[in-house]
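Structure first, commentary second.
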Amino acid sequence: MTISAERPVATSGGATTTTERVSWTQRPGIWSQHLGTAIVGAIVGYLLGHWLGNAIASSYPYIQNSGQNVIAVTLGEIFGVAGWLLGIGALNYPLAKMAGRQPGKEVDVQGWSKYFRYSTNHKTVGLQYVVGVLLFLFTGGLLAMAIRTELLNPTTHYFSADTYIKIVSEHGTVMMMMATSIVVGPLGNYLVPLMIGSRRMAFPRIEAFSFWVFTAGYMVIFSALPLGGFPTGWTGYAPLQTQAGPGMIGYLFGFAVIGMGMMAAGFNMAVTIINYRAPGMTWSRVPILVWSLLATSALLTLATPTLFAAGVFGLLDKTAQTAFYVNEHGGSAYLWQNLFWFFGHPEVYIMALPGFGIVGEILPVFTRKPLFAYKVGAAGMIGVALLSFFVWQHHLYQSGINPDMRPLFMLTTELISIPTGFIYLVGMGTLYKAKIRFEIPMLFALALYFNFLIGGVTGVFLSDVPVNVTVHGGFFVLSHFHYTIMGGLLFAFMGGLYYWLPKMTGRMLNKKIGLWHFWTMFVFFNLTFFPMFIIGLLGQPRRVFTYAKNLQGLNDFSSVSAFLLGFSFLIFAFNMVYSLWINPQKAPANPWDSRGLEWQTANPVPSYNFERIPVVLSDPYRYSEPGAPAVADLGDAGLVHAAPQD
Amino acid sequence: MAKVEQGYTSTPEEEEFELRAHIGSVWSGGRLFIGMYTFLLASLAYTYFYLRSSNSGNLWRPHHMTAPMSFGWGIVLATALAGVLAVYGQWRFRRGGVADWQVAGWTALVLLVGALMLQIWELTKLPFYPGASGYASSFIGWGVFNIATLVVSAYWVETALARGMRLRTEIGGDRPTLSTHPSAQSFRANVASMTYFMGFVGVGAAFFFALFYLI
Amino acid sequence: MNETHHLRRMTTIWVILSIAADLLGWFVLGPHMPPGRMTETAYHDQIDFNILLMVALPVVIGVWVYMGYAITVWSAKRAPDPVGGDAARGNTRTQVLWISITSVMTLAAAAFGTWALVVDHGSGGGEGPNPIWAPSGAAQAETAAFSPNSGWTPGQALPVQVIGQQWKFTYRYPTFGGFETSQLILPDNATIVFNVTSLDVIHSFWAYQLGVKADANPQVNDVAYTETKQLGSFMVRCSELCGIWHGAMYNSGQVVTPAAFQSWAQQTEAANAANTKLLPPFAWTYVPDANGANGGYYPDGKATPYSSVEVYGSKNPAS
Amino acid sequence: MSKQGRFATVIVLFLVAVGLVVWAVAAFLTPGTPGGEMDFTTTASAGQPVNITVQTVGAIGFGAHPTWVSYLVKDPTTGAWVQDTSWKLPADTVVHMTVYQYDSGGPLRNQEWGQVQGTIGGTATVNGQTVSVVDSNSGGGVGHTFAVPALGLAVPLPGVSNPNICGAGPCHQSSPHNTVSFEFKTPGPGTYSWQCFVPCGLGYLFGNGGPMATQNYMGGVLDVVR
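Protein chains in written order, with the numbering used here: chain A, 27 to 672; chain B, -12 to 202; chain C, 40 to 358; chain D, 38 to 263.
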């Protein structure tokens, strides 16, 4: 710990020197705000809320009858999250602001303890997110292992039927919520300022808020298990939702909390990209990942409020006994489906677009070619984002809602494959007559093209109403979205980690272990999920604990592959620990010879990112072009020339 | 003259760039926030019309049940007036009328808090129970959303006013309307965004008042 | 090697593989594609699937051939240094061609899907309470549903009501006195009108081999049509998560000869007569009591459904 | 720390993580699994009918949810009433089942479940009388049903109309009750879920949450083995 509680700060003009209070979140030592106080706050808050709920509601007839006080649980969760935010220090500035104060000048505490604090440095938040999303991913993955264990045998059950549904629901919810932030959170927060040549994010407190709310959401969703779980899957269809026990609060409130995190993250991201681009960073020079994150942010900010509203209505149904989703009392079960999918389909592209952005960054570097059809690619991402607001009813073809609208939604859904196809145009054009280096990030990028092709093409089958009759609600659609989200986004994320972790941590990830990780993940991913297309076509619905005996062979094959796929994630975890901690190898400043602006700063990246705000001179993809201008003028550091040509 | 901050130096050009970016962020952030809030309220309006048109079991609104009209008028008038005052205050503020802006602001704040109280009170005095009908349900939804909206707008108005008071001492007696001090520029951007939001809140309140009380 | 060489090679490989795959797909795999050919809708769904497959296979193979070619021929070990610059940054002709081809394909897919949906009377999917693509005879079946003794004669459309409840589908045959049973027996060569509804949460009636899937929503009559073509048994599963026993919510049904169906229906009508009297009269939807037995979730006595539809279970309006 | 030291730390942390996972699975995911099933395969000699005695109570009176309605089964060896709804049964064997119904009843949501279905002879015996249909709209109504959907088995258990019903399980014969007995034949090996079709989960929408949606209360599995 190198900073003291009081430190001199030069104010504008450098003439007068005043002392300024260092924020509580950044004080060294344990007498400050950090993860510990957050946990204490959360526990105290939960207990307080729970007590309050019991005091208010334990005499209500339906609560006495059900023997489970959902109001106490709801208040407990709300107060718990408030306590968590209060404890970590998220509310310090919002409260101080009421007295008209400006934010204090904040610097990170030095040393590892900064990762357990309310840090406003985008690089710290980025690394916090890396750990956060991996925690999500691994817990969600363990639940997937449990699901595949149950499905090993159609008749012998390892879990009881109600527990199995809880596991399925928890897996889906955790994974979906994790996936919304898997790229925007870690890579987006870390890289966007570096890529656009900024020293900071626009709203660093909102950024930190998004992370700590995200972690709170994780705990809220997992609190459902000790509360009895929820039986609705990640889609949470009402009125089953209204019927469920207090575990459902974990889902509804968890969605609302993570929704706040998503809105905050997207808001900050969009505003930063719009306003903090360095001089010369015109829209036609913005890296493709930034384009994809801008499109994602538009979806995060505009689609998520609908989810938030839907979640609030659900909470009201369960606690205040409104009847938004209960037909028998004037509500409509369809309402949830509409609201949920109006968010839910943009959500799917929240999970797809960043992956496209990552491979768009990786391909030029490892092919030594410019990104082909850059503008078409960027336009494709914006197009996908726009169209995604008009397709939600393709989830509801068989629901009886607006059947006459099915041709329209079939059309809009299939139209979306046009801008999605641009991503393939970009990829295939970039590969043309390239010089491909098969480093780990490149392998993951190529794997995305392989997997997403299957995911995307099966999406066209699903969007076709007649075919949808057979494949809707079965393992076919399950496999389809695992191919797009896991095969697409997660592979891209892994590629992104191998590509950028050297920048973020200053350590190279071990290539040999990385190769093992890639090949096991790629092979067993396909062996796990491809059979599921067949299982689905042969008539197995989703989320069942028992299935036809003749499907046992395929299910077992899928399960065994899934276990091996799980093992590949252990290899990845081992690689992380091994390369970052056990046997760290210092990374070169620009290990992949990238032209990207993020690679042009010092390594490790100083807290202010750039010595001088760079003046961008050209786009980052002009590889193999003799005489191409440098990507940026970095001021004092002198003109940085294009990455060495090979 | 370079400025030393967090171990790095900023040239005046860079400071100017950062200030422009910051003010742009406040501007675009304010608009984006209105966009987000629009989607939130639109979800409620969608719910209203969805339940109204599906009318499950003829239970959209039996006997044309309506929340207490007096509360409704009180809430909408207070909120809309707060919106109007915010817009008026901004109009005066741009012309240098800081005192006018402050009076308008504090009045708007009082109105907002009053509307908040009324809204909470109304929820305890409803002539129907929450699950009685589709209308009843969506009305409760509006009550909750309105409480959130009023809290958010009161918070924004209050922080702007408090900031305005403290700013004067910070920038050494300059009027925040005229000063070129970065804090004053940032403050003006914030006030402009706040005004837009308040106008939006006023219009929203009138719209939902019409939905729930008038038609 | 010049440009045309690469493209010519890739195209050759692609054409050969695509033709082979399409032939295999259509003639070997196609006839066995789910959901089979037990009904007209299943048959159409199968054909639609196969046609999409014929388009999809060349697309997938095209990308794979290209990628495979690229990574073998243009790897860092073998490939010459690439050429950057404007030519590599984008080629208008390629881009226009790509966009045109994908646009035509997707528009064609949407048009084909719409056509298939309309000519196949909703393709066995749930069409909501007021289907706009009804087969002939559907209107007559709707009327017949309210004359409990009209029975069924070959050539007529048969109305069958599917009632989802946690956790079992039951079936009512409105033209046979409105008896209810947990068996689903259908006559061969007949248009079947499924009226799917639920007594509690959302279920989904999926008669796999029939190519029928319709969500069962409370208070909604979700109509789906099919026309039986083959005798045999078929599987019914719930395909919308409905709670703890969702996975156990299945039964098998049978398509039998019209004569066998007649005798089964008449026998069951007689055998269930005592119970049928206790059922509410047939209606498209029923209002279940949201509270369940002996009080419950909503405060009793305050909800007054002014309902125009039949009540299932006499505990409604809530007592 | 040396490289070996770090490596050892990682191993230890990994083992701790594995331990946490095992604990979480044991604490939250495995209770109520068929592992703790009641074994009826050894109670009768091969080919002979198996006797199962159960009771239904309005409130179980103990455990995590004392107010929930529940089935209790009589342990064939000790004779104690046990909360366990997973029963291991021999295949292709006649099961003679006796239910002591201690709970009140009411109208069924779907009168279809007032029919006795799938038993041997298509009937059940209620307090000594043979019945095939119970009118749930009259008398005590139907309190619960015992139904195995996959076998087409469903037996209504008429409700007790005497107001002095048993308050908490296990209930004794002295409390008012209806005795329902019936026989059915188990199919080939496999697991078959059974449940109640009366929406009896008080305080839950449609009455189908809580005890209706939790194994060991109003539903379970028949684990039929050869």
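All C-beta atoms, glycine included, are put in the ideal place defined by N, C-alpha and C.
- Any chain A beta carbon closer than 9 Å to D/G142: no
- Item | Short-range partners of chain C found in the stretch 114 to 148 of chain B, where Cβ spacing is below 7 Å | Going along the stretch 114 to 148 of chain B in chain order, one finds Y116, G118 and A119 with a Cβ nearer than 7 Å to chain C.
- Query: Beta-carbon separation of C/W323 and C/P168 under 9 Å?
  - Reply: yes
- Message: Here's the rule: buried if 16 or more other CB atoms are within 10 angstroms of the residue's CB, otherwise exposed. What is A/W260?
- Response: buried
- Assigned secondary structure, A/P54 (DSSP; H/G/I helix, E/B strand, else coil): coil
- On the DSSP bridge assignment, give the partners of D/A161 in chain order. According to DSSP, residue pairing for D/A161 in a beta bridge involves D/V168.
- Task: Check the Cβ-Cβ distances between A/S361 and every residue of chain B, and say whether any is below 9 Å.
- Result: Per the sequence shown, the amino acid found at residue 361 of chain A is Leu instead of Ser. Yes, its Cβ sits closer than 9 Å to a Cβ of chain B.
- Query: Which ranges does the alpha helix (DSSP H) cover as unbroken runs of at least 4 residues, wholly within the stretch 56 to 140 of chain C, from first to last along the chain?
  - Reply: Taking 4 residues as the shortest admissible run, the stretch 56 to 140 of chain C contains the following complete alpha helix (DSSP H) segments, listed from N- to C-terminal end: 79 to 112 and 125 to 128.
- Task: State the beta-bridge partners of A/L660 as determined by DSSP.
- Result: DSSP lists no partner for A/L660.
- Would you decide whether A/G481 is buried or exposed? Buried here means 16 or more other CB atoms lie within 10 Å of its CB. Residue burial annotation: A/G481 is buried, with at least 16 other C-beta atoms found within 10 angstroms of its C-beta.
- Task: Can you tell me which of the three DSSP states A/S38 falls into?
- Result: Note on A/S38: pLDDT 40, under 50, position unreliable in the model; no value is reported.
- Three-way DSSP call (helix, strand, coil) for A/P467 in this model: DSSP places A/P467 in helix when its eight states are reduced to three.
- Item | Enclosing alpha helix (DSSP H) for C/N314 [first to last residue] | A312 to L317
- Message: Below 8 Å on C-beta distance, what does C/N314 contact in chain D?
- Response: Correct list: Q148, E149, G151, Q152 and V170.
- Is the CB-CB distance between A/L516 and A/L163 below 9 Å? yes
- Message: Could you tell me which whole beta strand (DSSP E) segments of length 3 or greater appear in the stretch 436 to 521 of chain A?
- Response: none
- Run the CB neighbour count on C/Q200, radius 10 Å, all protein chains shown included, and call it buried at 16 or more, exposed below. buried
- Task: Could you tell me whether any Cβ in chain D is nearer than 9 Å to the Cβ of A/W138?
- Result: no
- Message: How far does the beta strand (DSSP E) with C/I231 in it extend, from its first residue to its last?
- Response: T230 to S237
- Task: For the stretch 2 to 28 of chain B, enumerate the residues whose C-beta is nearer than 9 Å to any C-beta of chain C, in chain order.
- Result: none
- Item | Reference A/D582, options A/M454, A/P265, A/Y88 and A/N179, closest by Cα | Answer by Cα proximity: A/N179.
- Message: So, with DSSP's three-state summary, where would you put C/R211?
- Response: Strand.
- Have a look at D/V62, D/G73, D/W60 and D/S173 and flag the residue whose alpha-carbon is nearest the alpha-carbon of D/V258. D/G73
- Item | Cβ contact (3+ pairs, closer than 8 Å) linking the stretch 203 to 223 of chain C and the stretch 285 to 299 of chain C | Yes: the two stretches touch, three or more of their Cβ pairs being nearer than 8 Å.
- Task: Spell out a yes or no on whether the stretch 409 to 428 of chain A and the stretch 143 to 150 of chain C are touching, meaning 3 or more CB-CB pairs, one atom from each, closer than 8 Å.
- Result: Contact between the stretch 409 to 428 of chain A and the stretch 143 to 150 of chain C is absent, because fewer than three Cβ pairs lie under 8 Å.
- Query: Which one of A/W138, A/P252 and A/W418 has the shortest CA to CA distance from A/T332?
  - Reply: A/W418
- Task: Would you kindly report the start and end of the unbroken beta strand (DSSP E) that includes D/I97?
- Result: Note, D/I97: premise wrong, no beta strand (DSSP E); not H, not E.
- Message: For D/T104, which residues in the same chain have their Cβ closer than 7 Å to its Cβ, ignoring the five residues on either side in sequence?
- Response: A96
- Query: Are the C-beta of C/Q258 and some C-beta of chain B separated by less than 9 Å?
  - Reply: yes
- Task: Helix, strand or coil for D/M75, going by three-state DSSP, please let me know.
- Result: strand
- Item | Segments of 3+ residues assigned as beta strand (DSSP E) that fall wholly inside the stretch 260 to 327 of chain A | As far as the stretch 260 to 327 of chain A is concerned, it has no whole beta strand (DSSP E) run of at least 3 residues.
- Residue from A/K575, A/N95, A/L160 and A/M245 with nearest C-alpha to A/L213: A/L160
- Bounding residues of the beta strand (DSSP E) (the contiguous stretch that carries D/V138): One point to set straight first is that residue 138 of chain D is Gln, not Val, in the sequence displayed. The continuous beta strand (DSSP E) containing D/Q138 extends over residues V131 to Q138.
- Query: Which first and last residues belong to the alpha helix (DSSP H) in which B/M104 is found?
  - Reply: If you look at B/M104, you'll find it in the alpha helix (DSSP H) that goes V85 to L110.
- Cα separation between B/L31 and A/Y184? 43 Å
- Message: Suppose the cutoff is 7 Å on Cβ atoms and the five residues either side in sequence are ignored; what does the same chain contact list for D/N164 look like?
- Response: N215 and T216
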